[in-house]
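K.L.:
I have a structure I would like to understand better, so I am pasting it below and will then ask my questions one at a time.
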Amino acid sequence: MSFGSQSSDANTLALDGPEPLLPNSGAGGGMDLNIMIVANAKERSVEDVASLADGAGLQFVWCWDCVETGIVELKAK
Numbered sequence: 001m002s003f004g005s006q007s008s009d010a011n012t013l014a015l016d017g018p019e020p021l022l023p024n025s026g027a028g029g030g031m032d033l034n035i036m037i038v039a040n041a042k043e044r045s046v047e048d049v050a051s052l053a054d055g056a057g058l059q060f061v062w063c064w065d066c067v068e069t070g071i072v073e074l075k076a077k
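Here it is, written out as structure tokens:
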């Protein structure tokens with residue numbers, strides 16, 4: 001099994017996490033947290049997304065839960 005942070009090139013900037021952590025928990029592992037802090041963002045519930053959609057003139061149709069991600073269907077009112 002290989003991880004996205006591993007590289008055969010010694011000059012890459014990707015840093016793997018220290019043992020016993022998995023290689024994909026290194027420098028890039030916290031990027032989502034960094035972006036959430038910089039953008040003052042948060043994880044949103046289905047109700048939050050529906051409220052935002054309503055404010056944008058869209059109607060919430062359905063939300064599919066796909067394990068680590070979600071797909072939201074919206075349509076114009």
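Mapping of the sequence shown onto the UniProt record's numbering: position 8 corresponds to residue 8, and the numbering continues sequentially without gaps.
Cβ coordinates follow ideal geometry from the N, Cα and C atoms, glycine included.
Just so you know, these numbers come straight off a predicted model, no measurement behind them.
(1) What residue does the beta strand (DSSP E) around residue 76 start on, and which one ends it?
(2) Give me, in chain order, the residues of the same chain whose beta-carbon lies closer than 8 angstroms to that of residue 50; leave out the 5 immediate sequence neighbours on both sides.
(3) Is the beta carbon of residue 57 less than 9 angstroms from the beta carbon of residue 76?
(4) Would you report the Cα separation of residue 69 and residue 33, rounded to the nearest angstrom?
(5) Who are the Cβ neighbours of residue 39 in its own chain at under 6 angstroms, not counting the five residues just before and after it?
P.N.:
This is what the structure gives:
(1) Looking up residue 76 in the sequence shown gives position 76. That run of the beta strand (DSSP E) goes 69–76.
(2) Residue 50 sits at position 50 when you count from the first residue of the sequence shown. These residues qualify, in order along the chain: 60.
(3) For the purposes of this step, residue 57 is taken as residue 57 along the sequence shown, with counting starting at 1. For the purposes of this step, residue 76 is taken as residue 76 along the sequence shown, with counting starting at 1. It is a contact, given that the beta carbons lie within the stated cut-off.
(4) What you label residue 69 is simply residue 69 of the sequence shown in a count that begins at 1. What you label residue 33 is simply residue 33 of the sequence shown in a count that begins at 1. Cα-Cα distance, rounded: 16 angstroms.
(5) Start at 1 with the first residue of the sequence shown, and residue 39 comes out as number 39. Cβ neighbours of residue 39 beyond the five flanking positions: none.
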